[in-house]
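To start, the structure under review is shown below, and the notes come after it.
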Amino acid sequence: MEITSTFKTTLNEFCEVANWMTQKVYGWRNLTNEDLRQIRNKLEALQPIADKYERSFRTSKVMLENELYLNLENASSNLWNSISITLKTEQQSFTKAKLPNDTTKKKDDIQETDQLYLLCCCKLFSASLFAVYDALINTTETLLRILNCQVNTLKTIVDCLTQSYLSHCCLINGDVDKALEIKYNSSIVKHDWDELIHIYQDIPQYTLRRVEERTDIWEENQKYEIKRLKLEFFIVNFQLCLKDGDIETAKLYSNKINIIESLDILDAKCLIELCRIIFNSVLIYSKNCHNTMKKQEVVSLLRLALQYLNLPLENLSSHINYQNIKYSVTLFLTKFLIENCKELSAAEECSSLLNLLQEHFGKKIEPYKLAIKYNQTQQTGNSDQAIEEIIMRMITTLNITLHWEQILECIGQLSKSNTKLAIVCMEYIFLNKLNQKEHSKIWEDLIVARVFLTIEAQDLTIKDITLSLNEFFKTVETNAVEKLSRMKISCIVTILWNLAKKFDKKQEYANSCLIYELAIKKLFCDDFSEIGKILRALISSYINCGNYEAALQQYERMEECDKLHPLTQLLLVKIYYKFAEKNKITECLKNIYLSKSDNSIQILILAISFCKKMDDIVLTGINFLFEKIDLEEENTDRNQVNDWTIPLLELLRYTLQLIIKLFDNDNLNWKQNVPILQKLLTKAKHFIVDNSKLRRSFEETTKTHFEKEIISVDEVEWFASVAYNISVKGYNENKIDLIQPLVQLAAELNDLIPINQFSFIKRFHFQYWKYRISLLKAIIFLEGNQNTDFDLSRLQELTLSLENVLEDISAFRRTSEVKEKIDKESIADLDNCYIELLTVQFKCILSLKNQQKLQIFTEKILKENNLHINKVLIELCLSNPDCPQGMTKKTVTAIIKRNLVENTVSNNDLSTWIKILLENISNPGDITDEGIISNVLNKFQIDIRDNPSCLLQSKETIETIATLIWNVGVNLLIFGDQENAIKWCKYSVLFAKFVNNDLKDQLKSMWHSLISSANIQDDPISQI
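In our numbering, the protein residues as written are 1496 to 2519.
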């Protein structure tokens, strides 16, 4: 009794859960995630119990109340019915969400498939409850019912797995490729449907054995039902084998199905379903067919499906889905055979199937497309003609308006190999299938397509193209009842324009003229606003061909506004330049100058550039340009000026380049052109100052459009270098009075460069040129005021400025970065610049006539202890007549003393300095330190002892020194200073001894004469 009570409780729970689940299933679309979770939990808990109870009730009979049996049957039936209805709805909803051009999705794909999976589990649970009921009641009706439920459940699961319903929806429209794509990429396979099938696949087989074991109890109608269910079960297994790629087992099931002998139990719906299953399974299987055997299996299965569809089954051909499935199977078989025609030796079958498709499905376009594809693969000599025949058959059979794009695509494919045949097809449509009133859009589309295909033809010459289009345009004009739409005219003209431009780029101007002529046909001109643009392009091509007369004829065709367009005037400049008609060129430049067009300034620049060999025209044009730029700046907001297509700086730069070329002319009028140059550079400087951002170089910023607030440092440097180089040229040509403003502009422009933002090497470059500009500025100031009295305040300001620059260079030169990162050549350039600046600073201080400043300057330089600078300083003292008396002697004395101590100077330099020192002794009273001579003498004696030939290079200088010292000694003797006279004369003989014994002997001879005449007792010289 206790066991029976447990059974009752559990069966009641089955009924309660089934009824609860029925209500949930009927409201399936409104269930929450929590509801779905509860359903899943109950299934996981009760499904194993239901299976266990079924097995238990079959082995041990249990007697329960009839009411409980009835409740269980009703609950199971209600759940089964609700699931069947909901599954159908959900499958349709899921399919709709996956169809093309449909965006109505309630949930994402993964959630949808989760719910389908759960519904299948619910259906399986319902079938299990029927099995429990059958185990309790055990009648023929209940046994047949559970077999039906189990087969149906397995079929539902397999359908969900293979997504038959999705492919079926695609096949309604014959979209085989879409069906295959959906099936292959389906997200539904992410679920463990295979495991569900594995668990359930053998259950109907077990029930079927039970049914077959009881052959004596079945009535005729039940036998018929058993045979039908058995057939359905085999079909499902056949489908599973195909899904798994198990063709051999599928064939076994196909034999078991034995359609020919099963016609008595088959209806049209079942047979079509079988063909659908074959088709869907083959779609998946064919995706991975990479060898001949597998491909043959695909063909065999598709042939089998076609064989089934041709069976003499009642109502088969009249079934609503018959034509769709037959069309899809035939189409896919044909497509598959065409793709593998050689491998499968299927040429004859392909032809037969293509004929069948066109005969029975002639109103669909796919058979014709496949026929074209087949002929393209055959590579026969007449394939183009065959394709043309197919297209003509397609054109005459199909509704052109419904299939226009695909028909046009087919004609386009033909045009790739034979444009003339493609044109024949298009013109047949144009003349026989369309008229402008009824088919205006397609009619115009065909005209555009005709032009495009002709233009793109690889098998037509340019003459063929122009002749063909000329004739076609005449045909269009004859058949047109109204004007073409502006949009289509624009399309056609654009196609022609692009082709003409291609010829222009290849410099095939004669061909481009032919195409431009097509674009200005009356058919297009009357309603096309940019005809002037095409005429200009045509004129340009005629100019490039050298046909100037034809160019002028096209000019006369223009409207007045197009004639005055700056670009038209530019073309006229080129024509009149050829004929050297300067007056007309000037008139064209003036018209461009007067134009209000946005790009008139740029065009004026181009026109001036074109006339660069006519100096007078260039100068006239430049004057127009300056006036126009000034007008723009006066009448337009500066920001708008900055937005010109070609920036103002670029215009200025271009103009400067024109003028710079003039500066290479020896006969240049400096007085006329330097102010122009100054004006342009000043404009450039103002524009740069107005723009706060500077870019290091063009390469460092990618510009998608003109950025009005960003200027390249390269540009700034270019303008500064122009000012500097012209200033140097002017200085060399003695145009000092004209170039002072230019060098000032060079300095101001160079100062705009933010040098601290750069790497040290680049910073060194900019710093060096800043020093060079400072040097040139100072030189030009001094040279410009040579013949006038200096402005003392400006001179003092310049002197102070140079002092700061020199200190800056000196500090800069000593930095470790200069030593480590800068090459020797660049350092040498910097040192030379420093020395040149020293020279100018020296001259400035001399001009100030301030000996104290000069003394300070000299002492400061001497402290640097630089041999080269020492030499320069000595040279400055010697070469400047305004140098104060005694300055040279003091400077040389200081240099000699320091170098004697450090012993770093060469004997040659030392000899030269001693010579200079002696030459600057005007009288014996100037001799302040004969120790210098003595020390030099001692140094030479030591050096010659180590290297006897070390003084040969300075032979002449030392001979001069010996002579000068002798003269000093003689003068001292004359002034009565016998003691010092003897010393100096002795020094003279010793110096002569180093390089010239004859001179030494001569001096000694002269000494003997002096001894006797001056009564000298002490004679240290005779012993030398």
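For glycine and all other residues, C-beta sits at the position ideal for the given N, C-alpha and C.
Cβ of leucine 2341 within 7 Å of any chain D Cβ: Considering every chain present, this structure includes no chain D. It has just one protein chain.
CB-CB under 6 Å to alanine 1866, same chain, minus the five flanking residues each way: which ones, in chain order? Contacts found: Leu1849 and Ile1885.
What are the boundary residues of the alpha helix (DSSP H) that glycine 2279 is part of? Counting along the chain, the alpha helix (DSSP H) containing glycine 2279 begins and ends at 2255 to 2279.
Contact belief for lysine 2478 with alanine 2487 at Cβ below 8 Å, rounded distance in angstroms: Going by Cβ atoms, the distance from lysine 2478 to alanine 2487 rounds to 15 Å, so no, they are not a contact pair.
Looking at the structure shown, is serine 2483 part of a helix, part of a strand, or coil, going by DSSP? Judged by DSSP in its simplified three-state form, serine 2483 adopts helix.
Just to confirm, is the Cβ distance from alanine 2102 to leucine 2084 under 7 Å? Yes, these two residues count as a Cβ contact at 7 Å.
Cα-Cα separation, cysteine 1617 to alanine 1513: Cysteine 1617 and alanine 1513: Cα-Cα distance of roughly 9 Å.
Checking 7 Å against the spacing of the C-beta atoms, do proline 2443 and lysine 2481 come in under that value? No, the pair does not count as a contact, with Cβ atoms beyond the cut-off.
What first and last residue would you give for the alpha helix (DSSP H) that runs through glutamine 2336? Run containing glutamine 2336: 2319 to 2343, per the alpha helix (DSSP H) assignment.
Drop a sphere of 10 angstroms on the beta-carbon of proline 1543, count the other beta-carbons inside from all chains shown, and report buried for 16 or more, exposed for fewer. If you draw a 10 Å sphere on the C-beta of proline 1543, you find fewer than 16 other C-beta atoms in it, and that means exposed.
Quick check: the Cα distance between leucine 2013 and threonine 1973, rounded to an integer number of angstroms? About 17 Å.
Going by beta-carbon coordinates alone, are alanine 1570 and cysteine 1655 separated by less than 7 Å? No, Cβ-Cβ distance for alanine 1570 and cysteine 1655 is not below 7 Å.
Distance check for serine 2090 and aspartate 2209, CA to CA, integer angstroms please. Rounded to whole angstroms, aspartate 2209 to serine 2090 spans 32 Å at the Cα level.
Report the three-state DSSP secondary structure of serine 2533 (helix, strand or coil). In the structure as shown, the chain starts at 1496 and stops at 2519, and residue 2533 therefore has no counterpart that could be examined.
What is the DSSP secondary structure of serine 2288, reduced to helix, strand or coil? Here serine 2288 sits in helix by DSSP.
So tyrosine 2043 and lysine 2073 are supposed to be a Cβ contact under 8 Å. How far apart are they, rounded? Indeed, because the Cβ distance is near 6 Å, the residues count as touching under 8 Å.
Beta-carbon proximity of serine 1579 to threonine 1517, cut-off 7 Å: Judged by beta-carbon spacing, threonine 1517 lies beyond the 7 Å limit of serine 1579, meaning their Cβ atoms are not closer than that value.
Could you give the residue range of the alpha helix (DSSP H) that holds serine 1980? Under the DSSP assignment, serine 1980 falls outside any alpha helix (DSSP H); it carries neither an H nor an E label.
With a CB to CB cut of under 8 Å and the five nearest residues on each side skipped, what residues in its chain are close to threonine 1651? Counting only Cβ-Cβ distances below 8 Å, and skipping sequence neighbours, we find Leu1582, Cys1615 and Lys1618.
Just to confirm my understanding: we take isoleucine 2155, look at its own chain, exclude 5 residues before and 5 after, and list those with CB closer than 6 Å. What are they? Cβ within range, chain order: n/a, list empty.
Decide if alanine 1504 is buried, meaning its Cβ has at least 16 other Cβ atoms within 10 Å, or exposed. One detail in the question is off: residue 1504 reads as threonine in this sequence, not alanine. If you draw a 10 Å sphere on the C-beta of threonine 1504, you find fewer than 16 other C-beta atoms in it, and that means exposed.
Measuring straight from C-alpha to C-alpha, what distance separates methionine 2109 and lysine 2069? Per the coordinates, the alpha-carbon of methionine 2109 lies some 13 Å from the alpha-carbon of lysine 2069.
Flag this pair as touching only if the segment 1995 to 2004 and the segment 1939 to 1953 have three or more C-beta atom pairs under 8 Å; answer yes or no. Contact check between the segment 1995 to 2004 and the segment 1939 to 1953: fewer than three CB pairs, one atom from each, fall below 8 Å, which does not count as touching.
Determine the DSSP secondary structure at threonine 1527, reduced to helix, strand or coil. Threonine 1527: coil per DSSP, three-state reduction.
Tell me which same chain residues have a C-beta within less than 7 Å of the C-beta of tyrosine 1780, skipping the five on either side of it? Excluding residues within five positions, the ones whose Cβ falls inside 7 Å are Leu1737, Gly1740 and Val1793.
Valine 2535 to cysteine 2445, Cα distance in whole Å? Any property of residue 2535 remains undetermined from this structure, which presents the chain solely from 1496 to 2519.
Hey, valine 2211 and isoleucine 2256: beta-carbon distance below 7 Å or not? Contact flag unset, no.
Which one of Ile2274, Ile2356, Ser2342 and Gln2262 has the shortest CA to CA distance from isoleucine 2322? Isoleucine 2322 has its Cα closest to that of Gln2262, out of Ile2274, Ile2356, Ser2342 and Gln2262.
Rounded C-alpha distance that separates glutamate 2030 from methionine 2053: Before going on, a small fix: residue 2030 reads as leucine here, not glutamate. Distance between the alpha carbons of leucine 2030 and methionine 2053: 7 Å.
Short of 6 Å in beta carbon distance, which residues of its chain neighbour leucine 2505, apart from the five on each side in sequence? Order them along the chain. Taken in chain order, the list of residues that qualify is empty.
In whole angstroms, give me the CA-to-CA distance for asparagine 2475 and isoleucine 2519. Distance from the CA of asparagine 2475 to the CA of isoleucine 2519, rounded to the nearest whole angstrom, comes to 18 Å.
Pick from Tyr1748, Gln1791 and His1898: whose alpha carbon is nearest that of lysine 1837? Of Tyr1748, Gln1791 and His1898, the smallest CA-CA separation from lysine 1837 is found for Gln1791.
Alpha carbon to alpha carbon, how far is alanine 1842 from glutamine 2049? If I take the Cα positions, the gap works out to 59 Å.
Looking at the structure shown, is histidine 1693 part of a helix, part of a strand, or coil, going by DSSP? Residue state, collapsed to three classes: helix.
Please state the DSSP three-state secondary structure of threonine 1956. DSSP places threonine 1956 in coil when its eight states are reduced to three.
Which one of Ser2342, Thr1825, Lys2316 and Glu2292 has the shortest CA to CA distance from lysine 2254? The sequence shown places serine at residue 2254, not lysine. The option with the nearest alpha carbon to serine 2254 is Lys2316.
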